[in-house]
Structure formats: structure tokens, C-alpha cells
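Inspection log for the structure reproduced underneath, given as C-alpha cells.
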Amino acid sequence: MSLVGTVTRLRPHSAWLSRSLTGSAHIDSTSSNLRPSQPICQSRRFDRTSTPISGSFAHCRSVSVSSPLRKKKIRMPPKKAAAAAEKKILLGRPSNNLKIGIVGLPNVGKSSFFNVLSNTDLGKAANFPYATINPEEARIPVPDARFEWLCDLYKPASKVPAFLTCIDIAGLTAGASTGAGLGNSFLSHVRAVDGIFQVIRAFDDAEVIHVEGDVDPIRDMEIIKEELRLKDEDWVEKALANLKKTTRALNSSSLADKAKREEIATVEKILKVVKEDKKDVRKIDWNNKEVEIVNELQLLTAKPVIYLVNLSEKDFIRKKNRWLPKIKAWIDENNPGDPLIPFSVAMEERLQPMNDDEKAEEAKSGAASALGKITTAGYAGLHLIRYFTCGPDEVRAWTIRQGTKAPAAAGVIHSDFENKFVCGEIMAYDDLKEYGSEANVKAAGKLRQQGKPYEMIDGDIAYWKSGA
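So for the sequence shown, our numbering puts the first residue at 32; every next one is plus one.
In C-alpha cells, the structure reads:
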């Protein structure tokens, strides 16, 4: 830091400058025509040796002089902009292989829906409760117009779309959380999936019995919500008891003990949500540390839910049903933001054997299948996205979770691509569609090389480079 020097002696038309230990500037009052503390005319830095200054002092400016005898004053850098908001961790398993389960009371159309969705007869559809005991699994192709366009462009020998894994789970009844109707077994099947298709019966059919005696979708939704909540309450209470039992001697100030105390506080907060507030865990704004603990507990009410209202074919075609407004109001009150999709299992079963032309003709009268919409909603509800690899041999959609970085996305194809990742050549689907070919995309400067920090975007087209 520069300090103002001290003039201790002056001669006509010149002066000698030396430093004072205090760093203050003074001009010798014995000099003629000069006043004390008059500034020196040249702006320059001086070393430890006295340096002559020549010329008149008539037009002067102050001068700064370096002094190592005084502590250098540090100029603080400007404050940095506020750090970017921390990226939120998603609820649920951090995996690309996620599953969605079909949940509901008995005889609401779950297994019949599973059969038409998967185009199989794996689901045990019958007119009595608990026809399904063991869960059935199927992989459902996820419709995507982008995938179809890419296949038309590349004309590959092999076409592999994205898939949604769907599980048919036996019906739940009131008291399932305490073991009624094989409830504990069925709820463990719900716990094993990552999302829920909740099927709600809103059709009247005297030939299809209802386990509660009559059709009342609101009551049925309350039963499912309560059974899932009660089971969560039971699991969280046990988890909290185990934590407290194993951490009775938390008296030290170590980081490990502090982390354990924070974990106990979070589990107590979760218990309050499900037991006292009677809310679903997924509807609470948890911070990232809390999300990690919620995910470890694998709670039922933390899973995303898509509500599927099973209507009669007549009600679906005319888009009118007396229960729909009440169901929508219930969802808005209890779980706002959750998707609601009306459909008709009876209509889907009638459309299933038809060819594409026949289905298109039926759609003109309002009998359009909702299965594609349901599958897409389930895929999105699990926070899944896809990227494409394209060529004359194969066009393929690879399923990854939102927020996946490029190396992990490449690792979905083969672990070596992740372990020896170099970079990825990425182009957006929209760019390829606009320019018509890879060569044109590259010529337009739209083909990008992305490294390890790159976060994949739904619809990216990727070519990976890895080391030997």
C-alpha cells in the first residue's frame, strides 16, 4: 500500500524526499514560499533512498510513496453474486429402472386395465376379491412421435422404443395396514414400486360386485389414502424407535453424533406429517438432507400418484360422469397437482383386437384409446426422460432419470462408456428435424461436444466417445 511521503528538506527549485516512520507528509516550514503540508507536484513512487524533485511547486498534486514499514491494507474484492440455488434431489430411488404399480380396491378394473395396457392376459381378472395374489409385471412401450420420426429418417434394421415397467398389484381393502385381507403382503408389493396408478371405479354395473357394497369413488379414495398413510405411520414409528435405541449416548459434539441427531429430528418431522397432519409425504417441501432420509424409508405416500378413473364406455365417449367433478375436487383438496385421467376399461377391451384403421374410425366418434396418454403420464410421473442413439442398424430410446449427467447416461448402454467416458457429441431432436440430416446440423454448428458436467435433456441424440 502506498503511503504519503515526508519532505524533510528543501532547496531552491529542488527538494529531497525521505520517509518518516509515521508515514505522514510534512514540508519544512523553513523553506521559502511553501506552507506546511503542501503537496508535492509529481505523482510518482519513491524508494527508500531520498530522491530529488526538481521544478516549481506552483502546480502540485499529492504523491504516494511506498512504505514497507507499515502493514499493507488489503483491498477487498467485490462481493460475488449469490450462489445458485441448490439443485433439488428427487424423491424416490435414484435409478433408471423404475416401476409403477396398479393400486386400488378389488373389482375396480385393475387387472383388466393391466391386460389391455400390456396387451397380455397375465392379469387375473375375475368377479371376486383377491383374484390376484402374486403381482404380475409387463414392459409397456411408451409412445413418442419423435421416435417414429427418427425411424422414418434412418430406416433402421432394429427399432427399440422406451418402455415403462408396470406391475399389477392385488386389491387393498379397509384394514390392510393392520393385515386384513393379506394387506401386509400387498402393501409390501406397493412399497417395491416407485409410482402408483390408482384405479378408481366410477361405473355402475350390477354384475360386477363392489367390496364395499356400492359405488362411491370418494370413499374408495379415502380408504386407499388412509391405508397407505397408516402403514407409513407404522414404519416411521418403528424407524424412529430403532434410531433412538441405537443412539442413546449421543452426547459428544462429533460430526457423526450431530448427523444422527439431525436424522432423528427429520424422522420426527416425517412422523408428524403422516400421523398428526395426516398428509402425504410427497406433498411436503423437504430440503435435500431431508429428502435423503425420506428416500431411505421408502414410504408409500412419498410415491407419485396418477389417478385413473374407470368409466363406462358411454360416459367416456360423452365425456360426462356424475362422479368426475367430485373426484377432481377431492384431489385438489387432498393432493393438489396430481394428474387425473378418465378412461374406460370396457372400451379399451373392445378396441384392443382392432387394427389401426379401425381404431382411427372409432376415434372419430369419441372412442379414442387413452392408453398412450396413461403410459406417458406414468413415465413422466417417475421423472423419466429418454435420449436417442440413431443409425442404419438401430434407432433406440434409452431411459434415464431427470438430472442424469452425460457419463451416467452413456453407462446405461455399457458400464465401460461411463468408466472410460471422454465426451459426447450431442444434437437436439428439434435441430435434426429442422435441418433434415446430421450433416446439415453439423454445418449449422448445432452439433455440440459435451463433457462430464453436461446434464442430459429429454430428446437429445447422442454419440458417445470413450477411452480404450
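By construction, the Cβ of each residue, glycine as well, lies at the ideal position given by its N, Cα and C atoms. In this text, all values refer to a predicted model and were calculated from it rather than measured experimentally.
Where asparagine 326 falls: helix, strand or coil (DSSP): helix
Tell me, which residues are paired with isoleucine 131 by DSSP? Cys197 and Gly226
What residue ranges within the segment 456-498 form continuous alpha helix (DSSP H) runs of no fewer than 4 residues, ordered along the chain? 460-466 and 469-474
Would you call the CB atoms of leucine 331 and leucine 259 closer than 8 Å? yes
Report, in whole angstroms, the separation of the C-beta atoms of isoleucine 231 and isoleucine 133, which I expect to be a contact under 8 Å. At roughly 12 Å, the Cβ-Cβ gap does not stay under 8 Å, so isoleucine 231 and isoleucine 133 are not in contact.
Please go through the same chain and pick out, in chain order, the residues whose beta-carbon is closer than 6 Å to the beta-carbon of isoleucine 254, but skip the five residues on each side of it. Hits under 6 Å: Ala205.
Which listed residue (Asp245, Ile457, Asn366 and Arg432) has its alpha carbon closest to that of isoleucine 315: Closest option to isoleucine 315, Cα to Cα, is Asn366.
Report, in whole angstroms, the separation of the C-beta atoms of lysine 130 and isoleucine 227, which I expect to be a contact under 8 Å. About 10 Å separates the two Cβ atoms, so there is no contact after all.
So what's leucine 181 in DSSP terms, helix, strand or just coil? Helix at leucine 181.
In angstroms with no decimal places, state the Cα-to-Cα distance between arginine 381 and alanine 391. Whole-angstrom Cα-Cα distance: 14 Å.
Test item: CB-CB of alanine 398 and isoleucine 362 under 8 Å: No, Cβ-Cβ distance for alanine 398 and isoleucine 362 is not below 8 Å.
One or two residues paired with glutamate 167 in a DSSP bridge: Asp199
How far does the alpha helix (DSSP H) with lysine 269 in it extend, from its first residue to its last? 248-277
Pick out whichever of Phe374, Asp236, Arg292 and Val322 has its Cα sitting closest to the Cα of lysine 119. For lysine 119, the closest alpha carbon among the candidates Phe374, Asp236, Arg292 and Val322 is that of Val322.
Starting from the C-beta of proline 373, find all residues in its chain whose C-beta is less than 6 Å away, skip the five residues before and the five after it, and write them out in chain order. Val340 and Leu342
In angstroms, rounded to a whole number, what distance separates the CA positions of asparagine 318 and glutamate 379? The C-alpha of glutamate 379 is placed about 42 Å away from the C-alpha of asparagine 318.
For the beta strand (DSSP E) containing lysine 186, list its first residue and its last residue. Run containing lysine 186: none; DSSP gives neither H nor E here.
State the CB to CB distance for the pair glutamine 433 and isoleucine 457, rounded to an integer number of angstroms; the pair is presumed to be in contact (CB under 8 Å). That pair is no contact at about 16 Å.
Identity of the residue in Glu268, Leu402 and Asp225 nearest lysine 300 by Cα: Among Glu268, Leu402 and Asp225, the Cα nearest to that of lysine 300 belongs to Glu268.
What is the C-beta distance between valine 242 and aspartate 235, in whole angstroms, given that I count them as a contact (C-beta under 8 Å)? Wrong, their Cβ atoms sit about 15 Å apart, outside the cutoff.
Best match in Ala475, Tyr466, Ser446 and Arg479 for proximity to glycine 498 [C-alpha to C-alpha]: Ser446
Are leucine 371 and tyrosine 338 closer than 8 Å when you measure CB to CB? Less than 8 Å divides the Cβ of leucine 371 from the Cβ of tyrosine 338.
For threonine 278 and phenylalanine 419, the rounded distance between their alpha carbons: 49 Å
Would you mind listing the alpha helix (DSSP H) stretches within the segment 308-393 that are 4+ residues and don't spill past its ends, in chain order? 319-328, 344-349, 355-365 and 376-382, all fully within the segment 308-393.
If you count every other CB in all the chains shown that lies within 10 Å of the CB of aspartate 387, and 16 or more means buried, which is it? exposed
Buried versus exposed call for leucine 181 [16 or more other C-beta atoms within 10 Å across all chains shown]: buried
Which residue's Cα is closest to the Cα of isoleucine 249: Lys306, Phe194 and Trp354? Trp354
Using a Cβ-Cβ cutoff of less than 7 Å, which residues in the same chain neighbour tyrosine 185 once the five nearest sequence positions on both sides are dropped? Cys421, Gly422, Pro423 and Val426
Glutamate 168 and threonine 151 - do their beta-carbons sit closer together than 8 Å? no
Have a look at alanine 408 and lysine 496 and give me their C-alpha separation to the nearest angstrom. Whole-angstrom Cα-Cα distance: 33 Å.
Isoleucine 295 and lysine 275 closer than 8 Å at C-beta: Yes, the pair counts as a contact, with Cβ atoms nearer than the cut-off.
Take lysine 477 as the anchor and find which of Met487, Ser216 and Asp461 has the nearest alpha-carbon. Asp461
Tell me whether the beta-carbon of alanine 428 lies closer than 8 Å to the beta-carbon of alanine 193. At the C-beta level, alanine 428 and alanine 193 come within 8 Å of one another.
Return yes when the C-beta of glycine 123 is under 7 Å from any heavy atom of the ligand ADP, and no when it is not. With respect to small molecules bound, the structure shown includes none, and the ligand ADP cannot be examined in it.
Residue range of the beta strand (DSSP E) that arginine 292 falls in? Careful: arginine 292 lies outside any beta strand (DSSP E), inside the alpha helix (DSSP H) at 286-302.
Per DSSP, alanine 428 forms a beta bridge with which residues? Phe419
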